[in-house]
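Residues in the sequence shown are numbered consecutively from 1, following our numbering.
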Amino acid sequence: MAWNVLEGSDFIYGQLMMILSELGEKAALIARRRRELNMLWHQYSNTLVQAITQTKTPLHLSINCSTDNSVSFRLFSQFLIAVRPDANFNDHRLYYSLETHENPSVTRLGEARLGDDGLLNGAINIGQKEAVLGHFLHQVRPVYDLLYQAVERGEPLQITAFEQMFHQSGSA
């Protein structure tokens with residue numbers, strides 16, 4: 001009888017070791033991929049900051065210190081343009097957004113996918129400053145366009161103009 005109990009505990013111990021080994025391998029892969037994605041995000045954000053600060057064209061963007069996991073810039077000291085990775089686990093999406101002092105609610109400007117291969121949207125190498133800057137400028141160009149139109153017309157601009165513009169372009 002004692003022999004069967006010992007034999008059963010060896011079986012349980014063997015099963016436990018197999019499960020531990022399997023889960024350990026899975027946990028190691030998950031941790032490695034999370035580290036890699038985090039490194040890619042930091043590489044992208046560093047490249048973007050360098051590209052913006054080193055451009056000779058004055059874009060009137062200043063780096064904004066933020067406590068969350070985003071990179072953001074002040075535009076004309078009035079607007080905040082932010083790039084944030086999605087908060088969901090293992091989500092590769094980046095969101096470009098606009099906020100103002102009067103209305104801190106976010107107006108989404110666009111989104112991109114940061115691939116495991118270091119490519120943004122499968123085409124833009126996140127290590128190439130010019131390509132990263134070009135992609136960012138494409139996302140924020142409508143903001144500059146609306147600001148320019150308001151200044152040209154001598155009219156005030158409300159955040160609702162951005163919301164309407166991006167709602168229309170998102171539903172088209």
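Using N, Cα and C, we set each Cβ at its ideal position, and we do this for glycine too. Nothing here was measured: the structure is a model prediction, and the numbers come from that model.
Distance, Cα to Cα, residue i vs residue j?
i, j, result
"F76", "H60", "6 Å"
"Q158", "P58", "24 Å"
"A28", "F73", "36 Å"
"K26", "N69", "26 Å"
"R141", "T160", "17 Å"
"Y95", "F11", "50 Å"
Closest to residue i by C-alpha separation, out of the options, would be which residue?
i, options, result
"R32", "D116, N121, A161", "D116"
"I124", "T53, A82, S21, L40", "L40"
"L109", "I30, V143, L48", "V143"
"A87", "F162, N38, K56, I12", "N38"
"F89", "I30, G122, I19, Q43", "I30"
"I126", "L48, L20, D145, E155", "L48"
Compute the distance between the beta-carbons of residue i and residue j, then report whether it is under 7 Å.
i, j, result
"F79", "T55", "no"
"H92", "L119", "no"
"L133", "A51", "yes"
With 7 Å set as the bound, which would you pick, yes or no: does the beta-carbon of residue i sit closer than that to a beta-carbon of chain C?
i, result
"Q78", "The structure shown contains no chain C, having only a single protein chain."
Per DSSP, which residues does residue i bridge with? Please list them.
i, result
"S72", "N64, A82"
Label residue i either buried or exposed according to how many other C-beta atoms from any shown protein chain fall within 10 Å of its C-beta, with 16 as the threshold for buried.
i, result
"Y15", "Per the sequence presented here, residue 15 reads as Gln, with Tyr not at that position. With fewer than 16 Cβ atoms within 10 Å of its Cβ, Q15 is classed as exposed."
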